[in-house]
Ligand code: SMG
Ligand code: MG
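Numbering (our numbering), first residue to last: 3 to 371.
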């Protein structure tokens with residue numbers, strides 16, 4: 003396949019409600035969509051880099067710049083391009099995993115559409131639908147939180163994840179456990195807000211029988227997570243720290259995580275995400291699919307990944323209306339607390355042209371010659 007051109011399109015979507023984490027509050031998504039144009043087919047992907055470098059060092063303006071200046075020239079230099087060839091071609095460029103992931107996914111989508119293969123089948127999916135969890139932001143009060151959780155449970159979500167930070171942890175988590183009972187699958191995510199010195203405080207979450215605590219410490223503090231894991235009963239899950247299969251293997255050997263959150267954007271693409279899935283499976287470490295407030299484009303690919311065998315915990319694979327009143331594709335909807343894996347070739351969804359146009363802030367097309 004020859005890569006003729008790539009369109010980089012920025013769209014802006016308001017969120018249905020503000021989403022607050024330990025690192026900031028979001029009210030809208032500024033999304034970079036990538037469209038790979040080849041003679042045989044077009045492929046779509048979504049770059050998960052956020053507007054500001056607060057979740058990780060990447061941010062969307064930088065992702066677009068590195069694609070234009072450093073990544074795309076390397077892809078255009080290839081005589082033929084395939085999804086599998088993208089990673090090796092971009093390897094000399096350090097970092098920028100979210101930008102690389104989006105390019106690999108767009109090329110892979112074009113390739114799979116051209117050959118009539120589903121993304122899910124290419125990855126090795128074993129399920130037609132995946133269990134949906136929901137990530138619940140930090141709220142102004144415990145009653146507001148209980149209200150929000152109650153609404154999500156009524157909608158059918160199979161697992162609740164509460165964002166926590168110092169000052170919003172033991173009390174709200176205890177209140178949710180108390181209100182909704184012991185059967186609720188409940189977990190927390192700190193987005194690096196604590197230090198190892200907080201271990202005695204985090205141990206106060208032990209009685210709530212959480213599925214896991216996600217990324218309590220700094221992304222570079224893998225050893226700290228291993229030490230923390232010996233001081234608390236709640237299983238430690240890593241998100242930000244896991245940027246490759248190699249790091250996943252090291253973190254597991256160190257005892258830094260009992261569970262891994264896999265986000266394809268964070269690790270450089272779905273092919274590396276699958277390698278992490280495989281490394282974890284080989285070590286008996288369950289995984290689940292994270293989320294970056296994706297539109298239907300990114301969500302479709304995530305749902306395909308979440309259908310792999312070792313994704314045994316519900317993911318942050320929520321319905322479109324969790325974040326958006328109008329998605330750019332046909333919306334993903336909960337069916338008995340699950341999302342259905344798309345059935346068409348490639349990622350199996352297409353942007354709705356009118357919606358896409360109405361949300362577009364800018365478009366840039368970069369051609370091979
Ligand atoms: O897509 O439902 C989603 C978001 C899930 O909490 C979520 N993501 O650390 O796991 C995480 C966060 C990162 C993004 S927060 C802006
Ligand atoms: Mg997280």
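The beta-carbon is built from N, C-alpha and C at its ideal position, and this holds for glycine as well.
Nearest residue (CA-CA) to residue i, options the options
{"i": "residue 35", "options": "118, 52, 25, 27", "result": "52"}
{"i": "residue 112", "options": "197, 100, 4", "result": "4"}
{"i": "residue 193", "options": "209, 246, 180, 166", "result": "166"}
{"i": "residue 337", "options": "331, 347, 222, 322", "result": "322"}
{"i": "residue 348", "options": "26, 20, 25, 47", "result": "47"}
{"i": "residue 60", "options": "23, 18, 104", "result": "104"}
{"i": "residue 146", "options": "329, 19, 371", "result": "19"}
{"i": "residue 24", "options": "54, 139, 341", "result": "139"}
{"i": "residue 269", "options": "29, 31, 58", "result": "58"}
{"i": "residue 289", "options": "341, 228, 223, 276", "result": "276"}
{"i": "residue 198", "options": "37, 246, 223, 240", "result": "223"}
{"i": "residue 210", "options": "227, 196, 237", "result": "237"}
{"i": "residue 77", "options": "63, 22, 39", "result": "39"}
{"i": "residue 324", "options": "83, 100, 135, 6", "result": "135"}
{"i": "residue 203", "options": "357, 151, 177, 230", "result": "230"}
{"i": "residue 195", "options": "183, 182, 217", "result": "217"}
{"i": "residue 174", "options": "157, 156, 151, 187", "result": "151"}
Cβ-based burial, residue i [other Cβ within 10 Å; buried from 16]
{"i": "residue 191", "result": "buried"}
{"i": "residue 114", "result": "buried"}
{"i": "residue 233", "result": "exposed"}
{"i": "residue 102", "result": "buried"}
{"i": "residue 355", "result": "exposed"}
{"i": "residue 93", "result": "exposed"}
{"i": "residue 14", "result": "exposed"}
{"i": "residue 180", "result": "exposed"}
{"i": "residue 392", "result": "Outside the shown range of the chain, which is 3 to 371, sits residue 392, and nothing can be said about it."}
{"i": "residue 335", "result": "exposed"}
{"i": "residue 169", "result": "exposed"}
{"i": "residue 360", "result": "exposed"}
{"i": "residue 149", "result": "exposed"}
{"i": "residue 274", "result": "buried"}
{"i": "residue 285", "result": "exposed"}
{"i": "residue 242", "result": "buried"}
{"i": "residue 248", "result": "exposed"}
Cβ-Cβ distance between residue i and residue j below 8 Å
{"i": "residue 317", "j": "residue 308", "result": "yes"}
{"i": "residue 368", "j": "residue 8", "result": "yes"}
{"i": "residue 185", "j": "residue 207", "result": "no"}
{"i": "residue 74", "j": "residue 91", "result": "no"}
{"i": "residue 310", "j": "residue 128", "result": "yes"}
{"i": "residue 331", "j": "residue 298", "result": "yes"}
{"i": "residue 98", "j": "residue 50", "result": "no"}
{"i": "residue 227", "j": "residue 214", "result": "no"}
{"i": "residue 160", "j": "residue 133", "result": "yes"}
{"i": "residue 271", "j": "residue 89", "result": "yes"}
{"i": "residue 263", "j": "residue 240", "result": "yes"}
{"i": "residue 188", "j": "residue 225", "result": "no"}
* Got a list of residues with beta-carbon closer than 5 Å to any non-hydrogen atom of ligand 2, in chain order? -> 191, 216, 241
* Asked: Along the chain, which unbroken stretches of the alpha helix (DSSP H) at least 4 residues long are found entirely within the region 264-331?
  -> Secondary structure in the region 264-331: the alpha helix (DSSP H) runs of 4 residues or longer, each lying completely within the stretch, are 266-269, 272-284, 298-307 in chain order.
* Asked: Which ranges does the alpha helix (DSSP H) cover as unbroken runs of at least 4 residues, wholly within the region 82-136, from first to last along the chain?
  -> Within the region 82-136, the complete alpha helix (DSSP H) segments of 4 residues or longer fall at 85-92, 99-117, 121-125, listed in chain order.
* **beta strand (DSSP E) runs contained entirely in the region 24-50, provided each spans 3 or more residues** => For the region 24-50, whole beta strand (DSSP E) runs of length 3 or above, ordered along the chain, are 26-39, 44-49.
* Ordered list of beta strand (DSSP E) runs contained in the region 156-222, each at least 3 residues -> 161-165, 188-191
* Where are the alpha helix (DSSP H) runs, 4 residues long or more, that stay fully inside the region 57-86, in chain order? -> 62-68, 74-78
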